[in-house]
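Engineer: Have a look at the structure that comes next, please.
There are 2 protein chains.
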Amino acid sequence: MVSASFGDTQTQILDAAEQLFAEQGFGATSLRSIIRAADVNLAAIHYHFGSKEKLIVATIERMAQPIVQAELKQLAAVQAEHPQPTVEAILHAMLAPALEIVYHGQGDRGLTQARLMGRCRTEPTIEPIGAQAFAKSSQTFLTALQQALPDQSTSELTWKFDLVIAMLIRVLCAADQPNAILQDNSPAETAAAIERLVHFAAAGMKS
Amino acid sequence: MVSASFGDTQTQILDAAEQLFAEQGFGATSLRSIIRAADVNLAAIHYHFGSKEKLIVATIERMAQPIVQAELKQLAAVQAEHPQPTVEAILHAMLAPALEIVYHGQGDRGLTQARLMGRCRTEPTIEPIGAQAFAKSSQTFLTALQQALPDQSTSELTWKFDLVIAMLIRVLCAADQPNAILQDNSPAETAAAIERLVHFAAAGMKS
DNA sequence: AATTAATTAAAACGTATGATTGAATGTAAC
DNA sequence: GTTACATTCAATCATACGTTTTAATTAATT
Numbered sequence: 008m009v010s011a012s013f014g015d016t017q018t019q020i021l022d023a024a025e026q027l028f029a030e031q032g033f034g035a036t037s038l039r040s041i042i043r044a045a046d047v048n049l050a051a052i053h054y055h056f057g058s059k060e061k062l063i064v065a066t067i068e069r070m071a072q073p074i075v076q077a078e079l080k081q082l083a084a085v086q087a088e089h090p091q092p093t094v095e096a097i098l099h100a101m102l103a104p105a106l107e108i109v110y111h112g113q114g115d116r117g118l119t120q121a122r123l124m125g126r127c128r129t130e131p132t133i134e135p136i137g138a139q140a141f142a143k144s145s146q147t148f149l150t151a152l153q154q155a156l157p158d159q160s161t162s163e164l165t166w167k168f169d170l171v172i173a174m175l176i177r178v179l180c181a182a183d184q185p186n187a188i189l190q191d192n193s194p195a196e197t198a199a200a201i202e203r204l205v206h207f208a209a210a211g212m213k214s
Numbered sequence: 008m009v010s011a012s013f014g015d016t017q018t019q020i021l022d023a024a025e026q027l028f029a030e031q032g033f034g035a036t037s038l039r040s041i042i043r044a045a046d047v048n049l050a051a052i053h054y055h056f057g058s059k060e061k062l063i064v065a066t067i068e069r070m071a072q073p074i075v076q077a078e079l080k081q082l083a084a085v086q087a088e089h090p091q092p093t094v095e096a097i098l099h100a101m102l103a104p105a106l107e108i109v110y111h112g113q114g115d116r117g118l119t120q121a122r123l124m125g126r127c128r129t130e131p132t133i134e135p136i137g138a139q140a141f142a143k144s145s146q147t148f149l150t151a152l153q154q155a156l157p158d159q160s161t162s163e164l165t166w167k168f169d170l171v172i173a174m175l176i177r178v179l180c181a182a183d184q185p186n187a188i189l190q191d192n193s194p195a196e197t198a199a200a201i202e203r204l205v206h207f208a209a210a211g212m213k214s
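Taken in order, these protein sequences are the chains called C and D. Going letter by letter, the first sequence gives residues 8 to 214 in our numbering. Going letter by letter, the second sequence gives residues 8 to 214 in our numbering.
This is the structure we're talking about:
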């Protein structure tokens with residue numbers, strides 16, 4: 008039981024599961040296709056995770072944690088600078104981390120994570136798991152937006168916020184398509200694309 | 008071979024397939040769960056459709072056809088009245104039919120159709136089928152928007168258009184959640200919700 | 001070196017999958 | 001009424017599914 012070598016098999020399984028769940032969905036992905044991609048034994052999944060359901064939860068939580076952390080950190084930085092940040096500044100803190108992770112992640116990992124995020128909102132069975140993984144981020148940003156737009160009702164802000172998340176996920180998932188918001192991965196172009204998306208979303212939020 | 012009684016079994020299969028594909032995804036839905044819900048024999052699917060793949064195509068096309076037709080008709084009406092319609096008018100023609108179908112469809116049919124629409128964009132294997140089913144609508148509305156916003160480049164309009172579709176699908180799929188854009192199904196509330204969404208989307212498009 | 005615990009491997013469990021078959025049933029035309 | 005066609009049905013194919021069990025292997029502790 009060495010902490011350094013912890014989870015080599017676990018990580019292999021999680022990496023393969025992340026990719027296949029993202030591409031095919033949770034229900035359509037078999038444990039056998041995962042162990043084939045991870046090059047491990049079938050029983051390893053049940054040994055390390057217990058069941059397919061628990062593997063799904065572990066995969067989602069591993070994906071969500073760094074994104075939520077980056078979003079909260081960025082929002083805290085913005086709020087430290089300006090006690091009453093603008094809608095644009097809040098949306099920037101919310102959208103930039105995810106976009107940077109996707110566009111500058113190693114290999115296709117970012118796109119995979121984006122698709123997995125999308126899966127969490129489309130699969131009714133999985134939705135509560137995903138909602139819980141992103142709960143801290145959701146409530147924090149919703150509160151910040153409420154302070155920046157005090158004239159709008161909670162329910163109005165809630166569905167608008169929900170639409171901004173939908174836009175973010177779509178931008179992330181469509182990253183490989185022609186006419187994507189961002190074509191090349193240069194830092195300057197990434198920053199410009201984030202600005203475009205923030206501008207688009209802010210216009211809607213303030214409408 | 009009577010044209011009047013055509014497709015009783017076919018329709019039962021399509022109805023069940025539509026619901027299950029929408030709820031669980033294409034890969035995760037078995038033909039046996041479909042024939043169980045449709046109360047038909049297993050072989051009926053292969054007799055009437057040929058394979059699971061072809062059933063998927065038939066299900067998507069049946070769902071898309073009336074929506075595309077309603078959208079195009081509404082746009083034609085708007086264009087007949089004003090040769091150069093506003094962004095809001097174009098978006099209204101684009102969003103209202105789908106929203107009305109969902110909110111005023113018989114039973115949960117509308118919500119099911121919305122979820123199926125969403126599936127067509129999230130399942131990589133299925134995406135080309137869905138894209139083709141909505142192709143006519145997409146290109147027509149994109150052209151109309153291009154005329155209303157001549158200062159924006161094609162690629163800019165394309166990703167913005169794509170985001171509006173993502174918002175539409177999200178609104179449709181989240182129709183049953185708390186804090187949805189629309190709470191009750193009264194015609195007045197539906198019209199108001201459409202107006203809110205059009206306003207939100209138009210602000211982004213013009214940004 | 002011996003013992004214990006952690007991990008991996010192989011095989012099997014019962015059940016479910018998409019697809020196909022050939023017989024049974026209904027329905028039209030002659 | 002009988003032929004011809006369209007449709008439904010039950011049974012079966014080979015394969016794949018999630019899970020469990022038991023044995024082999026590896027690593028850490030004494």
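Where a beta carbon is used, it is the ideal one built from N, C-alpha and C, also for glycine.
Helix, strand or coil: how does DSSP classify I133(D) here?
Structural biologist: Of the three classes helix, strand and coil, the one that applies to I133(D) here is coil, per DSSP.
Engineer: Going by CA-CA distance only, name the one from Y110(C), G211(C), Q81(C) that's closest to V171(C).
Structural biologist: Measuring from the Cα of V171(C), the nearest candidate turns out to be G211(C).
Engineer: Within a Cβ cutoff of 7 Å, which residues of the same chain sit near S144(C), ignoring the five residues on either side of it in sequence?
Structural biologist: Hits under 7 Å: V75, E78, L79.
Engineer: To which residues of the same chain is I67(D) closer than 8 Å at the C-beta, ignoring the five residues directly before and after it?
Structural biologist: These residues qualify, in order along the chain: L123, C127, I133, I136, G137, A140.
Engineer: With a Cβ-Cβ cutoff of 9 Å, do S104(C) and Q81(C) count as a contact?
Structural biologist: Residue identity differs from the one stated: residue 104(C) is Pro in this sequence, not Ser. In this structure, Q81(C) lies closer than 9 Å to P104(C) by Cβ.
Engineer: What do you get for R177(C), buried or exposed, if any count of 16 or more other CB atoms within 10 angstroms of its CB means buried?
Structural biologist: Classification of R177(C): buried, given that the 10 Å Cβ count is 16 or more.
Engineer: Would you say N192(D) reaches chain C, if we count a Cβ-Cβ gap shorter than 9 Å as a contact?
Structural biologist: No, because no Cβ of chain C sits closer than 9 Å to the Cβ of N192(D).
Engineer: Which value, in whole angstroms, describes the spacing of the CA atoms of I108(D) and A24(D)?
Structural biologist: About 19 Å.
Engineer: Below 8 Å on the Cβ atoms is my contact criterion, and I expect T119(C) with T129(D) to pass it. Report the Cβ-Cβ distance as a whole number of Å.
Structural biologist: T119(C) to T129(D), Cβ: 14 Å. No contact.
Engineer: Under 9 Å, Cβ to Cβ, is there at least one residue of chain D near D115(C)?
Structural biologist: Closer than 9 Å: no.
Engineer: Around the C-beta of K167(D), are 16 or more other C-beta atoms found within 10 angstroms, so that it is buried, or is it exposed?
Structural biologist: The residue in question, K167(D), is buried, as its Cβ has 16 or more Cβ neighbours within 10 Å.
Engineer: Could you tell me whether the Cβ of P131(D) comes closer than 9 Å to any Cβ of chain C?
Structural biologist: At least one chain C Cβ lies under 9 Å of P131(D).
Engineer: To the nearest angstrom, report how far apart R69(C) and D22(C) are at their CA atoms.
Structural biologist: Those two C-alpha atoms are separated by around 10 Å.
Engineer: Would L204(C) and L175(C) be called neighbours here (beta carbons separated by less than 9 Å)?
Structural biologist: Going by C-beta atoms, L204(C) is nearer than 9 Å to L175(C).
Engineer: DSSP three-state call for V75(C): helix, strand or coil?
Structural biologist: DSSP places V75(C) in helix when its eight states are reduced to three.
Engineer: Restricting to runs no shorter than 4 residues, where is the alpha helix (DSSP H) found entirely within the region 39-113 of chain D?
Structural biologist: Counting whole runs of 4 or more residues, the region 39-113 of chain D contains the alpha helix (DSSP H) stretches 49-55, 59-88, 94-111.
Engineer: Identify whether D183(C) lies in helix, strand or coil by the three-state DSSP scheme.
Structural biologist: Of the three classes helix, strand and coil, the one that applies to D183(C) here is helix, per DSSP.
Engineer: Taking the beta carbon of Y54(C) as the centre, do at least 16 other beta carbons fall within 10 Å, making it buried, or is it exposed?
Structural biologist: Result: exposed.
Engineer: Against chain C, with Cβ distances strictly below 9 Å, would T161(D) count as a contact?
Structural biologist: Closer than 9 Å: yes.
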